[in-house]
Structures are given as C-alpha cells and as structure tokens.
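In the numbering used here, the protein residues as written are 286 to 594.
Using N, Cα and C, we set each Cβ at its ideal position, and we do this for glycine too.
On a predicted model such as this, the values are computed, not experimentally measured, just so you know.
For reference, the structure discussed in these notes is given below.
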C-alpha cells in the first residue's frame with residue numbers, strides 16, 4: 286500500500302519556467318493565462334523571473350507583470366532571480382518572495398550565471414537580507430541537483446553541501462531541481478534523505494522535468510518520502526535555456542490527476558487545470574506535451590453500444 290501525504294501544495298511555474306523558452310508573448314496574453322491558472326485553485330504561482338532581458342527576452346516584462354498581481358490577492362506569488370541585481374530589481378518592483386537559483390555543478394553555474402557554484406552560494410547572504418528586509422521569504426532552488434549536462438552526475442554530497450550552506454546564509458526553504466530530467470525514484474529518495482538530514486526542520490520541495498519520461502514516477506517517490514511542495518507547469522510547458530536537452534516540465538494537470546486519483550488532496554480542480562492547459566496552448570501557439578491534455582482528460586465512459594437482434 287502506498288504511504289502518501291493527505292495533501293500537497295503545488296506551485297504553478299508555467300508563467301516563468303514554462304514561458305522562458307518561448308517567443309515573447311504580450312502582457313495581456315500572460316494575464317489571461319494567469320487568470321486561467323488562478324481558476325484551478327492553485328495557491329502558489331512562480332510568476333516571472335528578474336534576469337537579463339537579453340538572455341531571456343520572454344520575461345523582459347517582469348516589472349509590468351508584477352504590477353498587475355494585485356488582481357489576484359488570494360495567490361502567493363514568487364519570482365526567480367539569478368543574482369543580487371535581479372533581487373534588487375524584484376524588490377524594487379514590489380516582489381518580496383524570491384527564489385534564488387544556485388547550480389550544484391560548476392559547469393551549469395558558469396553557463397547559467399557566469400560564476401562558480403561557490404561564488405553563487407555566497408550571494409545567498411545578500412539576497413536573503415534584501416528579501417527579508419522587504420518582508421518576504423527566500424527559497425534557494427538547487428539546479429542540476431542530480432545531473433548536469435556539462436559535468437555529468439552531481440555527487441550527493443555536493444548537493445547536500447550547497448543546501449547546507451544556503452540555509453546557513455539565510456535561505457528559508459529549499460527546492461531540488463532535476464533540471465535536465467534524468468533522475469529516477471531511487472535517486473530522488475536518496476538525495477532527499479541526505480539533504481533533509483543535513484538541514485533538519487527546513488522544508489525541501491522538488492522540481493522535476495519529464496524529459497526522459499520519469500517525471501511523474503519521481504513525483505510519486507517524493508510524495509511517498511513525505512515531500513509536500515511540488516512544482517509543475519501548465520501543459521508541460523518549459524525548460525532551461527542554459528541546459529542542453531532540458532525540455533519538458535511535468536504537467537500540472539498530470540500531477541493533479543496522479544495524486545488526486547491516489548487519494549492526495551492537491552486543492553486544484555482537474556477540469557480547470559485542463560482548461561488552463563488549453564489556454565497555455567493558445568498563448569504560445571503550438572501543441573503542448575501533456576499526455577493527459579492530448580487524451581482529453583480522464584476516462585469518460587461512453588456506455589455500451591446498443592445491440593440490434
């Protein structure tokens with residue numbers, strides 16, 4: 286028998302991680318998509334990132350997006366930053382809850398942020414001070430926590446050390462990122478156990494990609510291990526522009542279907558989540574990878590055909 290939590294707290298990341306690989310779409314289209322996402326009942330939304338507009342032009346309107354968030358007072362919004370400058374921009378725009386991404390490998394850190402992992406980790410202190418000064422919370426997202434496209438397998442002890450140091454420097458919580466979608470359930474539990482032992486009492490969430498088809502299996506493994514904070518992206522949108530092959534976020538509606546059918550309360554309405562996937566597809570103008578979306582949702586029995594004798 287599966288041993289699963291009674292409920293989980295999903296975070297919708299489609300507006301940030303989902304759109305960052307796409308051609309820029311108008312602000313109005315983003316807000317329409319956000320409205321569809323809000324209708325699902327999700328409580329937390331990663332809404333944008335404050336990074337270089339030249340590097341990620343799809344999110345160059347971060348300040349404008351944040352300026353419209355008063356329309357959804359019931360939602361907890363956060364934004365991703367890659368350094369001190371982005372954190373200052375975010376706080377100045379009125380976004381206090383930040384996610385600071387640190388790569389566990391030097392190869393990805395140099396490609397993503399042009400600095401080593403150790404240099405990136407040391408910035409946690411300044412970013413935490415900015416975040417807490419604005420009344421917000423800082424989450425350290427550890428990218429390539431399991432594998433790096435440049436350096437190969439990330440040693441468990443390396444990710445553990447990054448997590449421990451980030452908390453020491455002021456991070457309020459952690460999230461482990463399977464940036465290129467390579468991990469599997471056994472490795473998920475192994476790393477979760479090691480990280481949580483190193484930072485007892487600190488909440489650790491997960492962020493999986495379905496690049497190699499194991500994303501939902503990893504979600505189930507993490508939930509069995511007691512994780513209750515899980516990232517997902519509407520329709521399966523997204524990936525990392527600085528990690529070759531990092532396509533395919535796990536789809537929000539598929540996570541909802543998996544967990545709700547397994548007796549875990551997500552707080553999201555599956556029909557509304559499928560509607561949001563269709564809204565995302567319209568916004569980006571191409572098909573999305575979510576298999577549940579393509580299947581038209583859960584099974585709807587049609588009844589038996591009549592037999593004429």
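message: Quick check: the Cα distance between residue 323 and residue 350, rounded to an integer number of angstroms?
response: Position 38 of the chain shown, counted from the start, is the residue given in the question as residue 323. Position 65 of the chain shown, counted from the start, is the residue given in the question as residue 350. Each residue's CA atom was taken as its position, placing residue 323 and residue 350 some 15 Å apart.
message: Between which two residues does the alpha helix (DSSP H) holding residue 483 run?
response: Looking up residue 483 in the chain shown gives position 198. Unbroken alpha helix (DSSP H) run through residue 483: 470-483.
task: Scan the segment 554-591 and note each continuous alpha helix (DSSP H) run of 4 residues or more that stays entirely inside, going in chain order.
output: Runs of the alpha helix (DSSP H) inside the segment 554-591: 555-569, 576-580.
- request: Look up residue 423 in the DSSP assignment and say whether it is helix, strand or coil.
  value: The residue labelled residue 423 in the question sits at position 138 within the chain shown. Of the three classes helix, strand and coil, the one that applies to residue 423 here is strand, per DSSP.
query: Hey, how far is the Cα of residue 345 from the Cα of residue 551?
result: Within the chain shown, residue 345 is the residue found at index 60, counting from 1. Within the chain shown, residue 551 is the residue found at index 266, counting from 1. Going from the Cα of residue 345 to the Cα of residue 551 covers about 31 Å.
- request: Taking residue 329 as part of the beta strand (DSSP E), name the residues at either end of that continuous run.
  value: Here residue 329 corresponds to residue number 44 of the chain shown, with the count starting at 1. Start and end: 329-335.
CB-CB length for residue 496 against residue 462, believed under 8 Å: Translated into the one-based positions of the chain shown, residue 496 becomes position 211. Translated into the one-based positions of the chain shown, residue 462 becomes position 177. Between residue 462 and residue 496 the Cβ distance is about 13 Å, and since that is not below 8 Å, they are no contact.
task: Would you give the residue range spanned by the beta strand (DSSP E) that residue 363 belongs to?
output: Taking the first residue of the chain shown as position 1, residue 363 is located at position 78. Annotation for residue 363: the continuous beta strand (DSSP E) segment containing it runs 361-366.
message: Run through the DSSP bridge pairs and tell me what residue 433 is partnered with.
response: The count along the chain shown starts at 1 and reaches residue 433 at position 148. Checking the DSSP bridge columns, you'll see residue 433 partnered with 437.
- prompt: How many whole angstroms separate the CB atoms of residue 326 and residue 565, which I take to be in contact at a CB cut-off of 8 Å?
  reply: Here residue 326 refers to the residue found at position 41 when the chain shown is read from its first residue. Here residue 565 refers to the residue found at position 280 when the chain shown is read from its first residue. The beta-carbon separation of residue 326 and residue 565, rounded to 17 Å, does not stay under the 8 Å limit for a contact.
query: Short check: CB of residue 574 to CB of residue 521, under 8 Å?
result: One-based indexing of the chain shown puts residue 574 at position 289. One-based indexing of the chain shown puts residue 521 at position 236. Yes, the Cβ-Cβ distance between residue 574 and residue 521 is below 8 Å.
query: Under the DSSP definition of a beta bridge, which residues are partnered with residue 296?
result: To locate residue 296, count along the chain shown from 1; it is residue 11. Answer is 329, 516.
task: Kindly give me the distance between the Cβ atoms of residue 445 and residue 487, rounded to whole angstroms, as I take these residues to be in contact under 8 Å.
output: The residue labelled residue 445 in the question sits at position 160 within the chain shown. The residue labelled residue 487 in the question sits at position 202 within the chain shown. About 12 Å; that fails the 8 Å criterion.
Any 3 or more C-beta pairs closer than 8 Å across the segment 464-482 and the segment 425-432: Pairwise C-beta distances place the segment 464-482 in contact with the segment 425-432, as three or more of them are shorter than 8 Å.
query: Would you call the CB atoms of residue 545 and residue 576 closer than 8 Å?
result: Sequence index remark: in the chain shown, residue 545 carries index 260 (1-based). Sequence index remark: in the chain shown, residue 576 carries index 291 (1-based). Not in contact: residue 545 and residue 576 (Cβ atoms no closer than 8 Å).
query: On the three-state DSSP scale, how would you describe residue 397?
result: As a working mapping, residue 397 is identified with position 112 in the chain shown. Residue 397: helix per DSSP, three-state reduction.
- prompt: What residue from 341, 337, 380, 371 has the CA that sits closest to residue 355's CA?
  reply: Numbered from 1 along the chain shown, position 70 holds the residue referred to as residue 355. Residue 355 has its Cα closest to that of 380, out of 341, 337, 380, 371.
query: With distances taken between CB atoms, is the gap from residue 253 to residue 383 smaller than 8 Å?
result: Only positions 286 to 594 of the chain appear in the structure, and residue 253 is not among them; the question remains open.
message: With the cut-off set at 8 Å, would you say residue 277 and residue 411 are in Cβ contact?
response: In the structure as shown, the chain begins at 286 and stops at 594. Residue 277 is therefore absent and cannot be evaluated.
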